[in-house]
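Below is one structure, written out as structure tokens, with a few remarks after it.
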Ligand code: ADP
Ligand code: MG
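In the working numbering, the protein residues as written are 1 to 684.
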């Protein structure tokens, strides 16, 4: 008996090869498949007679093949099949390009349903490459609302449609009902089985709306419940008491006066650490808001109370930069700071670890992997994580459940709109650095199109001539878009720039490189050995290069606003006047409006709020930037109302039944446990 965990190869027609392709879409089991929702829908329900249908209209026509299909080779690599179709009202000429099999499939005298866009004139109608089905078997790809799925190489929409039907038949009625009956009744939501069936095989648009609303609600509801649970679990966890020292001694040692926001964040964290409970605090602050100093203040406080701390960053380069900064803050105050990176020799690593274990170091700065796996501390009290992009689930559950239960502080530069913060960071306490240090200069931002290319090249040259450096960021190119000349891939664009500026040094970093090569290319830029660095955003751009004064984003229309804001924050970090150029390719009005937001606003939170208004919450959940479990359907939506309702319902449920102990809620409990990879014993 198949169930939701049955391997996807159970589906007819899915073997080793297709299973691999499907895995690229995150589909490994029948359950995964059913949770793979359509990206959009195509209305193929409109049926017209050949007389009625107008050129430029897209519709189905039920017609008979009137002539023997004729195959001609126009030239090498170009075959045409031509035929004529008729119904009682009129006729049309059909052409198929490079689909020679059509000649054998379409039979003269048989009736088919054709779906496609009509061309030609009123007197001579044509259709090019229309989809067709035999009239007596129609209804799979014509005559219905067709779900359109995101595809990958080797997986067609048709295959997914068939597979969906298969999976629904096999285990459609095993789909767990995660929502309590009271909630579905109160918010007029259909049951799970109905929602899944109709989101994949919708009879009409109203039903799609109903099914989607239910699935979106469910996803947000589950997340909201999970946040409440994680939070209450954490609030019960006892933590080591670290008494707050007199901070003035630390502040007096700084080369600058702390901002009010920095002081506030430090005080909030100190109160947590002294409370007897385990701190789990997020410090959220725009790039340049001075998060590192807040961390340093806490590392110092922990050391004063006799505790060690770990400071983790995602990449080696960031680790080294932080090490330099933290040493600058802390060594004058007598702290011993150690560094642990992958490129150190085995002997060096051994020495640092021994020192940490022996309690000879107050702070160890290193990458996540090195510190979480390898180091046994003597007396670990505090873990600080600098997450430029992602705040992983691991940090949320695994680390805090480590034996020693250190206090945890996470720093993030991703501004989250207040309306969403509860949903995304609901399990954490949050301090916001909403004030930039004085004297910070604004990065001038312009949004331009291709006509500006010449001038932009001139500007690059001028900046480099003055000794500055330039970042160029290209979008990640998906397989299916590799051939679209409008989309710039990092490697190709780097080549173009090398040709345009033969005398300049152009570096390139992209996702497919080995970590070592990436680091080397980044390093060369940090040291000023390259003038222009072309990269994709997969690459860590969290590094500080004060000499960089120009950030160019290619295909800016493809980036989220918050992401663009992050990229912009990579320049303007030194004394040099800095610019950000958003190069958009043929932007839609909506894209132009979004880019204008960046041009006129330099505050990350304001940018995020605007983004939310323009695009809905999908992006914030969809990008997985926040280390939340993957959202399957919420990313498709713009509905803030559903979000509010789901939150309200979750809050109400947790208030009534904080441990989700009601028998009806067992599927919900189990689902959350798996989603957050909580193990049984950490579940209260
Ligand atoms: P981010 O929040 O992006 O991590 P950093 O901690 O790297 O920001 O700080 C950015 C720069 O601002 C650093 O050079 C830091 O020394 C400086 N800085 C931090 N706090 C202040 C302050 N209160 N006054 C002046 N400069 C500050
Ligand atoms: Mg930083």
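Just so you know, even glycine gets a beta-carbon here, dropped at the ideal spot from N, CA and C. Remember, predicted model here, so these are calculated numbers, not experimental data.
For this session: Whole angstroms is fine: what's the gap from residue 1's alpha carbon to residue 93's?
Result: Whole-angstrom Cα-Cα distance: 50 Å.
Exercise. Quick one: does the C-beta of residue 386 sit closer than 7 Å to a heavy atom of ligand 2?
Worked result: At least one heavy atom of ligand 2 is nearer than 7 Å to the Cβ of residue 386, so yes.
Exercise. Can you name, in chain order, every residue of its own chain whose Cβ lies under 6 Å from the Cβ of residue 580, other than the five neighbours on each side?
Worked result: Excluding the 5 residues flanking it on each side, residue 580 has same chain C-beta neighbours closer than 6 Å at 443, 445, 551 and 568, in chain order.
Exercise. Are there 16 or more other CB atoms within 10 angstroms of the CB of residue 78, so buried, or fewer, so exposed?
Worked result: A residue is called buried when at least 16 other Cβ atoms come within 10 angstroms of its Cβ; residue 78 does not meet this threshold and is exposed.
Exercise. Is there contact between the stretch 63-71 and the stretch 101-116, where contact requires at least three CB pairs shorter than 8 Å?
Worked result: Contact between the stretch 63-71 and the stretch 101-116 is present: three or more C-beta pairs spanning the two stretches fall below 8 Å.
Exercise. According to DSSP, what are the bridge partners of residue 447?
Worked result: 582, per the DSSP bridge assignment.
For this session: Taking residue 587 as the reference, give the member of 529, 555 and 602 with the closest Cα.
Result: For the residues 529, 555 and 602, the minimum Cα distance to residue 587 belongs to 555.
Problem set entry | Separation of residue 414 from residue 397, as counted between CA atoms | Residue placement at residue 397 cannot be trusted, given a pLDDT of 49 that sits under 50; the coordinates are not used to answer.
Problem set entry | Three-state class that DSSP yields for residue 284 in the structure shown | DSSP places residue 284 in strand when its eight states are reduced to three.
Problem set entry | 6 Å Cβ shell around residue 312 - same chain, five flanking residues per side excluded | Excluding residues within five positions, the ones whose Cβ falls inside 6 Å are 368, 371 and 385.
Exercise. How about residue 292: is its Cβ closer than 7 Å to a heavy atom in ligand 2?
Worked result: Result yes, Cβ under 7 Å from ligand 2.
Problem set entry | Local Cβ density within 10 Å of residue 153, reported as buried at 16 or more and exposed below that | Here residue 153 is exposed: its Cβ has fewer than 16 other Cβ atoms, across all protein chains shown, within 10 Å.
Exercise. Who are the near neighbours of residue 596 in its chain, counting only those whose CB is closer than 7 Å to its CB and skipping five residues on each side?
Worked result: Here the set comprises 447.
Problem set entry | Neighbourhood of residue 437 by C-beta distance below 8 Å, restricted to the same chain and skipping five residues each side | Result list for residue 437: 256, 259, 288, 289 and 290, in chain order.
Exercise. By Cβ distance, which residues of its chain are closer than 8 Å to residue 575, with the 5 residues on each side in sequence left out?
Worked result: Cβ neighbours of residue 575 within its own chain (closer than 8 Å, five residues either side excluded): 546.
For this session: Sort out for me which residues DSSP pairs residue 117 with in a bridge.
Result: DSSP lists 58 as the beta-bridge partner residues of residue 117.
Exercise. Alpha carbon to alpha carbon, how far is residue 393 from residue 458?
Worked result: Caution is warranted here: a pLDDT of 45 is assigned to residue 393, below 50, making its placement in the model unreliable, and the coordinate value is therefore given only provisionally. Going by the C-alpha atoms only, they are around 45 Å apart.
Exercise. Are there 16 or more other CB atoms within 10 angstroms of the CB of residue 101, so buried, or fewer, so exposed?
Worked result: The residue is exposed, with fewer than 16 neighbouring Cβ atoms inside 10 Å.
Exercise. Are residue 532 and residue 582 touching if we call contact CB-CB under 8 Å?
Worked result: By the CB criterion at 8 Å, residue 532 and residue 582 fall outside the cutoff.
Exercise. Quick one, are the C-beta atoms of residue 356 and residue 338 less than 8 Å apart?
Worked result: Yes. Within cutoff.
Exercise. When DSSP labels each residue in this structure, what does residue 562 get in the three-state scheme?
Worked result: In this structure, residue 562 counts as helix in the three-state DSSP scheme.
Problem set entry | residue 602 versus residue 176: straight-line alpha-carbon distance, rounded | When only Cα atoms are considered, residue 602 and residue 176 end up about 45 Å apart.
Problem set entry | Three-pair Cβ contact test at 8 Å for the stretch 523-532 versus the stretch 416-434 | Contact between the stretch 523-532 and the stretch 416-434 is absent, because fewer than three Cβ pairs lie under 8 Å.
Exercise. Going by the beta-carbon positions, is the gap between residue 215 and residue 302 smaller than 8 Å?
Worked result: No; because the gap between Cβ atoms is not below 8 Å, this pair is not in contact.
For this session: Tell me whether the beta-carbon of residue 300 lies closer than 8 Å to the beta-carbon of residue 335.
Result: Yes. Within cutoff.
For this session: Spatial neighbours of residue 657 within its chain, please: CB distance less than 8 Å, with the 5 preceding and 5 following residues excluded, ordered by chain position.
Result: The beta carbon of residue 657 sits closer than 8 Å to those of 665, all from its chain and outside the five residues before and after it, given in chain order.
For this session: Check the C-beta distance from residue 407 over to residue 278 and give it rounded, since I have them as a contact under 8 Å.
Result: Contact flag correct, Cβ pair sits at about 6 Å.
Problem set entry | In DSSP terms, what residue 155 is bridged to | DSSP lists 152 as the beta-bridge partner residues of residue 155.
Exercise. What are the complete beta strand (DSSP E) segments, minimum 3 residues, inside the stretch 31-108?
Worked result: Segments of the beta strand (DSSP E) lying fully in the stretch 31-108: 40-43, 58-65, 70-75, 78-86 and 91-97.
Exercise. At which residues does the beta strand (DSSP E) containing residue 507 begin and terminate?
Worked result: For residue 507, the enclosing beta strand (DSSP E) starts and ends at 506-509.
Exercise. How about residue 437: is its Cβ closer than 7 Å to a heavy atom in ligand 1?
Worked result: Relative to ligand 1, the beta carbon of residue 437 is positioned inside 7 Å of a heavy atom.
Exercise. Would you report the Cα separation of residue 202 and residue 316, rounded to the nearest angstrom?
Worked result: Within the model, the alpha-carbon separation for residue 202 versus residue 316 is close to 50 Å.
Problem set entry | Continuous alpha helix (DSSP H) stretch holding residue 608: start and end | Note, residue 608: alpha helix (DSSP H), 604-615.
For this session: Tell me where the alpha helix (DSSP H) around residue 326 begins and ends.
Result: It spans 316-330 - the alpha helix (DSSP H) in which residue 326 sits, taken as one unbroken run.
Problem set entry | Cut-off 8 Å between Cβ atoms - residues of its own chain near residue 74, not counting five sequence neighbours on either side | Counting only residues of its own chain and dropping the five nearest sequence neighbours on each side, residue 74 has a CB closer than 8 Å to the CB of 80.
Exercise. Short check: CB of residue 282 to CB of residue 410, under 8 Å?
Worked result: Inclusion of residue 282 and residue 410 in the CB contact set at 8 Å is warranted, their separation being smaller than that value.
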